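Comments concern the structure below.
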Amino acid sequence: MEKHHQIVIIGAGTAGITVAAQLLRKDRKLDIAIIDPAKKHYYQAAWTLVGAGTFNYKSTEREMASLIPKGATWIQEAVQDVDPDANKVTLQGGDVLTYDYLVACPGIQYNLNAIEGLAETINKNNVCSNYIDPNYTWEVLQKIEKGTALFTLAPTTIKCGGAPQKIMYLADDYFRRTRKRDKIDVTYFLPGGVIFGVEPFKSTIMKVVDRKDIQLRFFHALTRIDGPNHKAYFKITANQDDPNKLFYHHRPLQEKMVSETEVEVAFDMLHLAPPQSAPDFIMRSKIAAQEGPQKGWINVNLYTLQHNVYANVFALGDAAGLPTGKTGAAVRKQAPIVVENLLHVIKHDGAVQPDYHGYSSCPIVTGYGKMVLAEFDYDNKRASDPMISRLFDTSKELFAMWILKKYGLPFMYWNLMLKGKA
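Here the sequence shown stands for residues 3 to 424, numbered as in the numbering used here.
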(Lines of atoms letter the chains of each structure in order from A and count residues from 1; the text may use other names and numbers.)
(Lines give C-alpha, C1' and ligand atoms only; values in the text may rest on other atoms or scores of the structure.)
Protein backbone atom coordinates (compact mmCIF):
# COMPACT_ATOMS: atom_id res chain seq x y z
CA MET A 1 0.00 0.00 0.00
CA GLU A 2 1.25 3.50 -0.82
CA LYS A 3 0.39 6.73 0.98
CA HIS A 4 1.56 10.29 0.50
CA HIS A 5 2.37 12.97 3.07
CA GLN A 6 3.69 16.46 2.54
CA ILE A 7 6.40 16.02 5.19
CA VAL A 8 7.74 12.68 6.40
CA ILE A 9 9.87 12.66 9.55
CA ILE A 10 11.91 9.53 10.21
CA GLY A 11 12.34 9.09 13.95
CA ALA A 12 10.29 10.11 16.97
CA GLY A 13 13.22 10.73 19.25
CA THR A 14 14.22 14.12 20.58
CA ALA A 15 14.83 15.54 17.10
CA GLY A 16 11.74 14.16 15.38
CA ILE A 17 9.24 15.16 18.06
CA THR A 18 10.79 18.62 18.48
CA VAL A 19 10.79 19.40 14.75
CA ALA A 20 7.22 18.15 14.30
CA ALA A 21 6.00 20.20 17.26
CA GLN A 22 7.72 23.37 16.05
CA LEU A 23 6.44 22.95 12.49
CA LEU A 24 2.85 22.50 13.63
CA ARG A 25 3.10 25.51 15.94
CA LYS A 26 3.98 27.59 12.90
CA ASP A 27 1.45 26.04 10.52
CA ARG A 28 -1.32 23.69 11.70
CA LYS A 29 -2.21 22.89 8.08
CA LEU A 30 1.01 21.00 7.42
CA ASP A 31 0.55 17.30 6.63
CA ILE A 32 3.21 15.57 8.72
CA ALA A 33 3.85 11.87 9.24
CA ILE A 34 6.30 10.61 11.87
CA ILE A 35 7.72 7.10 11.44
CA ASP A 36 8.92 5.26 14.53
CA PRO A 37 8.15 1.74 15.82
CA ALA A 38 8.88 2.47 19.49
CA LYS A 39 6.10 2.32 22.07
CA LYS A 40 8.16 4.24 24.65
CA HIS A 41 10.20 7.44 24.53
CA TYR A 42 13.10 7.89 26.94
CA TYR A 43 14.92 10.91 28.29
CA GLN A 44 18.27 9.21 27.96
CA ALA A 45 20.23 12.18 29.26
CA ALA A 46 19.23 11.14 32.79
CA TRP A 47 20.48 7.57 32.43
CA THR A 48 23.89 8.62 33.77
CA LEU A 49 22.14 9.52 37.01
CA VAL A 50 20.06 6.33 36.95
CA GLY A 51 23.29 4.34 36.67
CA ALA A 52 24.56 6.07 39.82
CA GLY A 53 21.37 5.46 41.81
CA THR A 54 20.28 9.11 41.98
CA PHE A 55 17.43 9.20 39.43
CA ASN A 56 14.35 7.00 38.97
CA TYR A 57 14.41 5.10 35.67
CA LYS A 58 10.63 5.24 35.37
CA SER A 59 10.84 9.04 35.39
CA THR A 60 12.83 8.88 32.14
CA GLU A 61 10.02 7.06 30.33
CA ARG A 62 6.85 8.22 28.58
CA GLU A 63 4.36 6.54 26.27
CA MET A 64 5.24 7.55 22.72
CA ALA A 65 1.59 8.11 21.88
CA SER A 66 1.42 10.86 24.51
CA LEU A 67 4.24 12.81 22.84
CA ILE A 68 3.28 12.72 19.17
CA PRO A 69 2.20 16.33 18.43
CA LYS A 70 -1.49 16.85 17.80
CA GLY A 71 -2.04 17.06 14.07
CA ALA A 72 0.80 14.70 13.13
CA THR A 73 0.22 11.15 11.90
CA TRP A 74 2.22 8.50 13.75
CA ILE A 75 3.24 5.49 11.67
CA GLN A 76 4.38 2.87 14.17
CA GLU A 77 6.69 0.86 11.94
CA ALA A 78 10.39 0.59 11.21
CA VAL A 79 11.98 1.90 8.03
CA GLN A 80 13.44 -0.57 5.57
CA ASP A 81 14.67 1.74 2.82
CA VAL A 82 14.91 5.39 1.79
CA ASP A 83 14.89 6.28 -1.93
CA PRO A 84 15.45 10.04 -2.28
CA ASP A 85 15.36 9.86 -6.09
CA ALA A 86 11.76 8.62 -5.94
CA ASN A 87 10.85 10.61 -2.79
CA LYS A 88 9.75 7.49 -0.99
CA VAL A 89 10.30 5.56 2.21
CA THR A 90 9.66 1.82 2.33
CA LEU A 91 8.58 0.36 5.65
CA GLN A 92 9.60 -3.06 6.95
CA GLY A 93 6.06 -4.33 6.45
CA GLY A 94 6.27 -3.44 2.76
CA ASP A 95 4.11 -0.31 2.72
CA VAL A 96 5.47 2.77 0.96
CA LEU A 97 5.27 6.41 1.99
CA THR A 98 5.93 9.10 -0.58
CA TYR A 99 6.78 12.64 0.45
CA ASP A 100 7.37 16.14 -0.78
CA TYR A 101 9.90 16.80 1.98
CA LEU A 102 11.87 14.48 4.23
CA VAL A 103 13.34 15.19 7.67
CA ALA A 104 15.69 12.35 8.59
CA CYS A 105 16.46 12.02 12.29
CA PRO A 106 16.40 8.27 13.00
CA GLY A 107 18.95 8.40 15.79
CA ILE A 108 21.85 6.06 16.26
CA GLN A 109 22.17 2.28 16.46
CA TYR A 110 24.33 0.14 18.75
CA ASN A 111 26.51 -2.45 17.02
CA LEU A 112 27.26 -4.89 19.83
CA ASN A 113 28.72 -7.47 17.45
CA ALA A 114 31.47 -5.03 16.42
CA ILE A 115 33.41 -5.96 19.58
CA GLU A 116 34.03 -9.66 20.00
CA GLY A 117 32.19 -11.07 23.02
CA LEU A 118 30.24 -7.90 23.84
CA ALA A 119 26.81 -9.09 22.69
CA GLU A 120 27.19 -12.28 24.73
CA THR A 121 28.27 -10.62 27.97
CA ILE A 122 26.51 -7.25 28.12
CA ASN A 123 24.30 -6.93 31.21
CA LYS A 124 25.99 -9.85 32.92
CA ASN A 125 29.42 -10.73 34.29
CA ASN A 126 29.61 -7.16 35.64
CA VAL A 127 29.84 -5.80 32.07
CA CYS A 128 27.48 -2.83 31.97
CA SER A 129 26.56 0.21 29.91
CA ASN A 130 24.36 3.16 30.74
CA TYR A 131 23.58 3.28 27.03
CA ILE A 132 21.96 -0.17 27.25
CA ASP A 133 20.64 -0.60 30.81
CA PRO A 134 21.54 1.94 33.49
CA ASN A 135 19.73 -0.12 36.13
CA TYR A 136 22.30 -2.88 35.68
CA THR A 137 25.11 -0.34 36.02
CA TRP A 138 23.73 0.68 39.40
CA GLU A 139 23.44 -2.97 40.39
CA VAL A 140 27.10 -3.54 39.52
CA LEU A 141 28.31 -0.44 41.41
CA GLN A 142 26.57 -1.66 44.54
CA LYS A 143 27.85 -5.20 44.13
CA ILE A 144 31.56 -4.63 43.52
CA GLU A 145 33.61 -4.51 46.74
CA LYS A 146 37.20 -4.59 45.51
CA GLY A 147 39.37 -5.03 42.46
CA THR A 148 39.54 -3.20 39.15
CA ALA A 149 36.83 -0.98 37.69
CA LEU A 150 37.43 -0.32 34.00
CA PHE A 151 35.65 2.39 32.04
CA THR A 152 35.99 2.72 28.29
CA LEU A 153 34.32 3.65 25.03
CA ALA A 154 34.30 2.05 21.61
CA PRO A 155 36.60 3.52 18.93
CA THR A 156 33.62 4.79 16.92
CA THR A 157 31.58 7.96 16.91
CA ILE A 158 29.25 7.81 19.90
CA LYS A 159 26.41 9.92 21.15
CA CYS A 160 27.14 12.08 24.18
CA GLY A 161 30.88 11.60 24.13
CA GLY A 162 31.18 12.63 27.77
CA ALA A 163 28.86 9.91 29.08
CA PRO A 164 31.54 7.23 29.58
CA GLN A 165 33.49 9.49 31.94
CA LYS A 166 30.47 10.93 33.78
CA ILE A 167 29.53 7.54 35.21
CA MET A 168 33.18 6.94 36.12
CA TYR A 169 33.28 10.08 38.28
CA LEU A 170 29.99 9.16 39.93
CA ALA A 171 31.22 5.60 40.52
CA ASP A 172 34.36 6.97 42.17
CA ASP A 173 32.20 9.17 44.38
CA TYR A 174 29.92 6.25 45.26
CA PHE A 175 32.90 4.02 46.10
CA ARG A 176 34.26 6.73 48.43
CA ARG A 177 30.91 7.25 50.12
CA THR A 178 30.63 3.51 50.76
CA ARG A 179 34.25 3.33 51.99
CA LYS A 180 35.51 0.90 49.37
CA ARG A 181 37.38 3.22 47.00
CA ASP A 182 40.73 2.33 48.59
CA LYS A 183 40.11 -1.29 47.52
CA ILE A 184 39.02 -0.45 43.96
CA ASP A 185 41.27 0.86 41.21
CA VAL A 186 39.47 3.11 38.71
CA THR A 187 40.98 3.27 35.22
CA TYR A 188 39.71 4.92 32.05
CA PHE A 189 40.79 3.39 28.74
CA LEU A 190 40.48 5.78 25.80
CA PRO A 191 40.91 4.94 22.11
CA GLY A 192 42.23 8.46 21.46
CA GLY A 193 44.74 10.81 23.00
CA VAL A 194 42.62 13.32 24.94
CA ILE A 195 39.97 13.01 27.62
CA PHE A 196 38.16 16.13 26.39
CA GLY A 197 39.08 18.40 23.51
CA VAL A 198 37.81 21.84 24.52
CA GLU A 199 39.37 24.32 26.94
CA PRO A 200 38.81 25.49 29.63
CA PHE A 201 36.69 22.40 30.33
CA LYS A 202 39.60 20.04 29.67
CA SER A 203 41.69 21.67 32.41
CA THR A 204 38.84 21.35 34.90
CA ILE A 205 38.35 17.68 34.01
CA MET A 206 42.04 16.91 34.43
CA LYS A 207 41.88 18.44 37.91
CA VAL A 208 38.99 16.07 38.65
CA VAL A 209 41.09 13.14 37.42
CA ASP A 210 43.96 14.25 39.67
CA ARG A 211 41.74 14.71 42.71
CA LYS A 212 40.12 11.33 42.26
CA ASP A 213 43.44 9.61 41.40
CA ILE A 214 42.00 8.01 38.27
CA GLN A 215 44.42 6.26 35.92
CA LEU A 216 44.11 7.13 32.22
CA ARG A 217 45.25 4.84 29.41
CA PHE A 218 45.36 6.65 26.06
CA PHE A 219 45.36 5.03 22.62
CA HIS A 220 43.86 1.81 24.00
CA ALA A 221 40.99 0.59 21.79
CA LEU A 222 38.74 -2.17 23.12
CA THR A 223 38.73 -5.14 20.73
CA ARG A 224 37.15 -8.03 22.64
CA ILE A 225 35.70 -9.07 25.98
CA ASP A 226 35.80 -12.43 27.74
CA GLY A 227 32.94 -11.83 30.15
CA PRO A 228 32.89 -15.14 32.07
CA ASN A 229 36.62 -14.80 32.82
CA HIS A 230 36.48 -11.03 33.39
CA LYS A 231 39.12 -10.18 30.79
CA ALA A 232 39.15 -7.22 28.40
CA TYR A 233 41.49 -6.84 25.44
CA PHE A 234 42.77 -3.53 24.12
CA LYS A 235 44.77 -2.74 21.01
CA ILE A 236 47.46 -0.13 21.63
CA THR A 237 47.31 2.21 18.65
CA ALA A 238 50.25 4.54 19.39
CA ASN A 239 54.01 4.09 19.66
CA GLN A 240 54.75 2.30 22.93
CA ASP A 241 58.21 3.86 23.25
CA ASP A 242 56.72 6.97 24.87
CA PRO A 243 54.88 5.95 28.07
CA ASN A 244 53.88 9.56 28.77
CA LYS A 245 51.76 9.44 25.62
CA LEU A 246 49.97 6.28 26.77
CA PHE A 247 49.63 6.62 30.53
CA TYR A 248 48.55 9.16 33.15
CA HIS A 249 48.71 8.25 36.86
CA HIS A 250 50.18 4.97 35.66
CA ARG A 251 49.71 1.95 37.91
CA PRO A 252 50.11 -1.69 36.93
CA LEU A 253 46.90 -3.66 36.69
CA GLN A 254 46.36 -7.40 36.39
CA GLU A 255 47.49 -7.34 32.78
CA LYS A 256 49.73 -8.98 30.23
CA MET A 257 50.69 -8.38 26.63
CA VAL A 258 49.21 -11.09 24.40
CA SER A 259 50.76 -9.69 21.23
CA GLU A 260 53.00 -6.79 20.28
CA THR A 261 50.05 -4.40 20.27
CA GLU A 262 47.33 -6.07 22.37
CA VAL A 263 47.05 -6.11 26.14
CA GLU A 264 44.79 -8.33 28.26
CA VAL A 265 43.41 -6.64 31.37
CA ALA A 266 41.51 -8.37 34.17
CA PHE A 267 38.51 -6.52 35.56
CA ASP A 268 35.95 -6.80 38.33
CA MET A 269 33.58 -4.45 36.53
CA LEU A 270 33.62 -2.97 33.04
CA HIS A 271 31.47 -0.06 31.88
CA LEU A 272 31.56 0.91 28.22
CA ALA A 273 29.95 3.00 25.54
CA PRO A 274 29.20 0.45 22.79
CA PRO A 275 30.13 0.80 19.10
CA GLN A 276 27.64 3.04 17.31
CA SER A 277 26.69 4.09 13.79
CA ALA A 278 23.83 5.48 11.77
CA PRO A 279 21.05 2.90 11.24
CA ASP A 280 21.70 0.33 8.51
CA PHE A 281 18.94 1.69 6.27
CA ILE A 282 20.64 5.09 6.34
CA MET A 283 24.12 3.77 5.64
CA ARG A 284 22.98 1.89 2.54
CA SER A 285 20.85 4.75 1.21
CA LYS A 286 21.80 7.59 -1.11
CA ILE A 287 21.18 10.17 1.61
CA ALA A 288 24.29 8.93 3.45
CA ALA A 289 27.68 10.45 2.70
CA GLN A 290 29.48 8.06 0.38
CA GLU A 291 33.00 9.14 1.33
CA GLY A 292 34.95 11.37 3.66
CA PRO A 293 35.01 11.65 7.46
CA GLN A 294 31.19 11.58 7.68
CA LYS A 295 30.83 8.47 5.49
CA GLY A 296 27.72 6.52 6.49
CA TRP A 297 26.10 9.50 8.21
CA ILE A 298 23.48 11.69 6.52
CA ASN A 299 25.13 14.04 4.04
CA VAL A 300 23.94 17.50 5.09
CA ASN A 301 25.30 21.01 4.87
CA LEU A 302 27.01 21.82 8.17
CA TYR A 303 25.32 25.21 8.52
CA THR A 304 21.86 24.89 6.89
CA LEU A 305 21.21 21.20 7.73
CA GLN A 306 19.84 20.79 4.20
CA HIS A 307 21.01 17.74 2.27
CA ASN A 308 23.98 18.40 0.02
CA VAL A 309 22.38 16.56 -2.94
CA TYR A 310 18.62 16.43 -2.33
CA ALA A 311 17.21 19.90 -1.63
CA ASN A 312 13.94 18.52 -0.21
CA VAL A 313 15.76 16.52 2.47
CA PHE A 314 16.93 17.84 5.84
CA ALA A 315 18.59 16.02 8.73
CA LEU A 316 19.49 16.65 12.34
CA GLY A 317 20.31 14.77 15.49
CA ASP A 318 22.59 11.80 16.00
CA ALA A 319 22.44 10.42 12.44
CA ALA A 320 23.35 13.71 10.76
CA GLY A 321 26.88 13.91 9.41
CA LEU A 322 27.98 16.83 11.55
CA PRO A 323 31.42 17.10 13.19
CA THR A 324 30.10 18.06 16.61
CA GLY A 325 28.81 16.34 19.73
CA LYS A 326 25.75 14.16 19.21
CA THR A 327 23.62 15.44 22.10
CA GLY A 328 20.12 16.59 22.93
CA ALA A 329 21.51 20.09 23.41
CA ALA A 330 22.72 20.06 19.81
CA VAL A 331 19.22 19.07 18.68
CA ARG A 332 17.75 21.99 20.61
CA LYS A 333 19.81 24.36 18.44
CA GLN A 334 19.42 22.37 15.22
CA ALA A 335 15.64 21.94 15.30
CA PRO A 336 14.59 25.60 14.80
CA ILE A 337 17.08 25.94 11.94
CA VAL A 338 15.66 22.87 10.19
CA VAL A 339 12.13 24.19 10.74
CA GLU A 340 12.85 27.66 9.37
CA ASN A 341 14.82 26.41 6.40
CA LEU A 342 12.27 23.73 5.54
CA LEU A 343 9.48 26.32 5.60
CA HIS A 344 11.58 28.56 3.33
CA VAL A 345 11.84 25.69 0.84
CA ILE A 346 8.13 24.88 1.06
CA LYS A 347 7.05 28.50 0.58
CA HIS A 348 9.78 29.42 -1.94
CA ASP A 349 10.26 32.66 0.01
CA GLY A 350 14.00 32.94 0.31
CA ALA A 351 17.26 31.08 0.57
CA VAL A 352 17.96 28.70 3.43
CA GLN A 353 19.99 30.33 6.18
CA PRO A 354 23.39 29.03 7.38
CA ASP A 355 22.61 29.61 11.04
CA TYR A 356 23.94 26.45 12.71
CA HIS A 357 27.57 26.63 13.78
CA GLY A 358 27.99 23.31 15.50
CA TYR A 359 26.69 24.15 18.97
CA SER A 360 26.61 21.18 21.29
CA SER A 361 26.75 20.74 25.01
CA CYS A 362 27.94 18.05 27.37
CA PRO A 363 26.84 18.35 31.01
CA ILE A 364 29.79 16.57 32.63
CA VAL A 365 28.79 15.32 36.06
CA THR A 366 31.94 15.03 38.18
CA GLY A 367 30.33 13.61 41.32
CA TYR A 368 27.12 13.76 43.31
CA GLY A 369 26.19 17.43 43.48
CA LYS A 370 28.81 18.62 40.98
CA MET A 371 28.69 19.35 37.26
CA VAL A 372 30.59 21.19 34.53
CA LEU A 373 28.49 22.48 31.62
CA ALA A 374 30.73 22.16 28.56
CA GLU A 375 29.33 24.03 25.55
CA PHE A 376 31.25 24.20 22.28
CA ASP A 377 31.01 24.57 18.49
CA TYR A 378 32.52 23.28 15.25
CA ASP A 379 35.80 25.03 16.01
CA ASN A 380 36.09 23.21 19.35
CA LYS A 381 35.84 26.55 21.08
CA ARG A 382 33.81 27.38 24.15
CA ALA A 383 30.28 28.46 23.21
CA SER A 384 28.68 29.00 26.61
CA ASP A 385 25.19 30.43 26.88
CA PRO A 386 25.65 34.16 27.58
CA MET A 387 22.69 34.30 29.96
CA ILE A 388 23.94 31.44 32.13
CA SER A 389 27.50 32.77 31.92
CA ARG A 390 26.44 36.04 33.53
CA LEU A 391 25.55 34.09 36.63
CA PHE A 392 27.95 31.14 36.66
CA ASP A 393 31.34 30.08 35.38
CA THR A 394 30.15 26.85 33.78
CA SER A 395 33.72 25.61 33.29
CA LYS A 396 33.85 24.99 37.06
CA GLU A 397 32.30 22.17 39.09
CA LEU A 398 29.11 23.71 40.43
CA PHE A 399 26.18 22.55 42.54
CA ALA A 400 23.93 24.88 40.54
CA MET A 401 24.78 22.97 37.36
CA TRP A 402 23.95 19.70 39.14
CA ILE A 403 20.51 21.11 39.98
CA LEU A 404 20.14 22.09 36.33
CA LYS A 405 21.06 18.56 35.24
CA LYS A 406 18.87 16.70 37.71
CA TYR A 407 15.80 18.93 37.78
CA GLY A 408 15.94 21.80 35.27
CA LEU A 409 16.86 19.98 32.08
CA PRO A 410 14.33 17.13 32.48
CA PHE A 411 11.56 19.69 33.06
CA MET A 412 12.63 21.66 30.00
CA TYR A 413 12.78 18.49 27.93
CA TRP A 414 9.29 17.18 28.64
CA ASN A 415 7.45 20.48 29.00
CA LEU A 416 9.17 22.82 26.55
CA MET A 417 11.40 21.09 24.02
CA LEU A 418 9.11 18.22 23.01
CA LYS A 419 6.19 20.63 22.81
CA GLY A 420 8.02 22.87 20.36
CA LYS A 421 8.46 25.70 22.86
CA ALA A 422 12.25 25.56 23.23
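Note that beta-carbon positions come from the ideal geometry of N, C-alpha and C, so glycine has one too. Everything numeric in this text was worked out from a predicted model, so none of it was measured.
Could you give the DSSP three-state label for residue i: helix, strand or coil?
i	result
Phe198	coil
Trp49	helix
Ser363	strand
Lys441	Absent from the structure is residue 441, since the part of the chain shown begins at 3 and ends at 424.
Leu400	strand
Glu63	strand
Tyr190	strand
Thr206	helix
Tyr409	helix
Leu420	helix
Arg384	strand
Tyr112	strand
Taking all protein chains shown into account, decide if residue i is buried (16 or more other Cβ within 10 angstroms of its Cβ) or exposed.
i	result
Leu393	exposed
Ile405	exposed
Phe413	exposed
Val341	buried
Lys247	exposed
Arg30	exposed
Met389	exposed
Gln144	exposed
Ala22	buried
His232	buried
Gly95	exposed
Cβ of residue i within 8 Å of Cβ of residue j?
i	j	result
Ile366	Gly164	yes
Ile9	Tyr101	yes
Ile34	His6	no
Arg253	Gln217	yes
Leu152	Phe249	no
Phe236	Glu262	no
Thr158	Gln278	yes
Pro276	Ser397	no
Ile12	Ala106	yes
Ile197	Lys161	no
Asn125	Val52	no
Leu99	Ala156	no
Thr75	Ile169	no
Pro108	Pro295	no
Could you pull the start and end residues of the alpha helix (DSSP H) that residue i belongs to?
i	result
Glu262	Note, Glu262: premise wrong, no alpha helix (DSSP H); not H, not E.
Glu122	120-123
Gln144	136-145
Ala173	165-179
Thr425	This structure cannot speak to residue 425, because the chain is shown only from 3 to 424.
Leu318	No alpha helix (DSSP H) contains Leu318, which DSSP labels as neither H nor E.
Ala2	This structure cannot speak to residue 2, because the chain is shown only from 3 to 424.
Leu248	245-248
Val81	From DSSP, Val81 is part of no alpha helix (DSSP H) but of the beta strand (DSSP E) over 81-85.
Arg392	388-393
Would you say residue i lies against chain D (beta-carbon separation less than 8 Å)?
i	result
Gly330	Looking at the structure shown, chain D is missing, and only one protein chain is on hand.
What does the alpha-carbon distance come out to for the pair residue i and residue j?
i	j	result
Asp387	Phe378	10 Å
Tyr190	Asp320	24 Å
Ala424	Arg334	7 Å
Gly327	Val315	22 Å
Tyr312	Lys258	52 Å
Ala234	Asp97	44 Å
Phe283	Arg213	45 Å
Leu93	Asn58	34 Å
Leu324	Lys185	42 Å
Val84	Tyr176	46 Å
Lys297	Ala291	5 Å
Asn127	Thr329	29 Å
Asn241	Pro193	13 Å
His309	Ala337	15 Å
Leu411	Pro356	27 Å
Thr368	Phe221	23 Å
Leu400	Thr206	11 Å
Lys408	Ala88	45 Å
Leu69	Ala332	20 Å
Pro71	Val81	20 Å
Ser363	Met3	42 Å
Asp135	Gly15	18 Å
His359	Ile300	17 Å
Ala322	Arg181	44 Å
Which stretch, first to last residue, makes up the beta strand (DSSP E) that contains residue i?
i	result
Thr100	98-106
Phe378	372-378
Gly149	149-155
Met271	271-275
Arg226	222-228
Trp299	Careful: Trp299 lies outside any beta strand (DSSP E) and carries neither H nor E.
Phe283	Careful: Phe283 lies outside any beta strand (DSSP E), inside the alpha helix (DSSP H) at 282-285.
His43	42-44
Val311	Segment: none, Val311 is in no beta strand (DSSP E) and carries neither H nor E.
Gln217	217-219
Looking at the ligand NAP, does it come within less than 7 Å of residue i, judged from the CB to the closest heavy atom?
i	result
Gly53	As presented, the structure is devoid of all ligands, the ligand NAP included, so that no description of it is given.
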